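Residue numbers (the working numbering), protein chains in the order written: chain A, 6 to 112; chain B, 3 to 121.
This report refers to the structure that appears directly beneath it.
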Amino acid sequence: DIQMTQSPSFLSASLGNSITITCHASQNIKGWLAWYQQKSGNAPELLIYKASSLQSGVPSRFSGSGSGTDYILTISNLQPEDIATYYCQHYQSFPLTFGGGTKLELK
Amino acid sequence: EVQLVESGGGLVQPGRSLKLSCLASGFTFSNYGMNWIRQAPGKGLEWVASISSSSSYIYYADTVKGRFTISRDNAKNTLYLQMTSLRSEDTALYYCARRGIRVHYFDYWGQGVMVTVSS
């Protein structure tokens with residue numbers, strides 16, 4: 006099984022700043038990676054797929070990059086509505102697995 | 003508008019069974035693979051099961067294999083999860099999620115249904 010390791014688990018940032026979240030796969034997932042945002046009390050929402058493709062309707066301040074085993078989610082110009090928990094997920098093969106999550110808070 | 007509405011959750015004793023449903027609307031249900039994903043209270047996301055559009059391909063997480071059965075009725079636009087031999091560790095919010103065409107990320111999610119396994 007492919008293990009997904011996300012870091013950091015918690016992140017505190019100020020409005021207007023940029024943040025990065027990393028996701029490391031235990032083996033090469035060939036870019037088959039998605040990122041999700043989950044706001045408190047809500048279902049997750051897809052942000053990015055295929056490592057760097059922005060889902061329709063997602064603000065352009067969200068971006069993804071990476072290849073092989075290492076991937077990054079970047080949020081630029083942090084907005085109040087970005088406060089949430091973020092998860093990565095590989096879809097290279099079954100079983101599908103998620104990272105442990107990164108909880109983003111306002112400083 | 004794509005909508006996924008789960009139902010069938012509740013409180014159940016360990017060892018008992020429960021069947022979840024997910025009613026889909028706003029898209030051609032028979033064209034899309036579907037999934038169940040769960041989230042234990044205060045914890046992260048765990049993929050549970052996946053079924054292809056025609057039910058030809060079905061996959062399960064090891065944690066539920068042999069106990070849970072995913073199925074669908076394309077005529078009723080409904081996805082199911084039959085859960086048997088329930089354990090306390092199955093306590094979670096269960097989400098129904100649509101996957102992308104020929105890919106296994108989840109582009110639409112329901113709001114979830116709570117399953118609590120306790121005596």
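Where is the CB? At the ideal position from N, CA and C, for every residue including glycine.
Predicted, not measured: the structure shown is a model, and the values here were computed from it.
- In this structure, DSSP gives glutamate 86 (chain A) a helical state, which the three-state scheme calls helix.
- At a cut-off of 8 Å between C-beta atoms, alanine 30 (chain A) does not count as an interface residue with respect to chain B.
- Annotated three-state conformation of phenylalanine 31 (chain B) is helix, per DSSP.
- For tryptophan 49 (chain B), a Cβ of chain A is located within less than 8 Å of the residue's own Cβ.
- Taking a contact to require three or more Cβ pairs closer than 8 Å, the stretch 79-88 of chain B and the stretch 20-39 of chain A do not qualify as touching.
- Burial check for leucine 13 (chain B): the Cβ neighbour count within 10 Å stays below 16, so the residue is exposed.
- The secondary-structure analysis by DSSP pairs aspartate 75 (chain B) across a beta bridge with B:Thr80.
- When the Cα atoms are used, phenylalanine 29 (chain B) and serine 61 (chain A) turn out to be separated by approximately 16 Å.
- Nearest Cα to asparagine 79 (chain B) within the set B:Val4, B:Ser9, B:Phe31: B:Phe31.
- Selection B:Arg18, B:Glu3, B:Gly17 evaluated against alanine 26 (chain B) yields B:Glu3 as nearest (Cα-Cα).
- Contact between the stretch 9-28 of chain A and the stretch 83-97 of chain A is present: three or more C-beta pairs spanning the two stretches fall below 8 Å.
- With contacts defined by Cβ atoms closer than 8 Å, alanine 51 (chain B) and tyrosine 62 (chain B) form a contacting pair.
- A:Glu86 is the residue among A:Glu86, A:Asn82, A:Asn22 whose C-alpha sits nearest the C-alpha of serine 45 (chain A).
- At least 8 Å separates the beta-carbon of isoleucine 88 (chain A) from that of leucine 59 (chain A).
- Residues of the same chain with a CB within less than 7 Å of the CB of asparagine 76 (chain B), apart from the 5 flanking positions on each side, are Phe31, Ser32 in chain order.
- Taken in chain order, the whole beta strand (DSSP E) runs of length 3 or more contained in the stretch 55-110 of chain A are 67-72, 75-80, 90-95.
- For the stretch 101-112 of chain A, the set of positions with a beta-carbon nearer than 8 Å to some beta-carbon of chain B reads Leu101, Thr102, Phe103, Gly104, Gly105, Gly106 in chain order.
- Between aspartate 92 (chain B) and valine 119 (chain B) the beta-carbon gap is near 5 Å, inside 8 Å, which marks them as a contact.
- Threonine 79 (chain A) is classed as exposed because its beta carbon has fewer than 16 other beta carbons within 10 Å across all chains shown.
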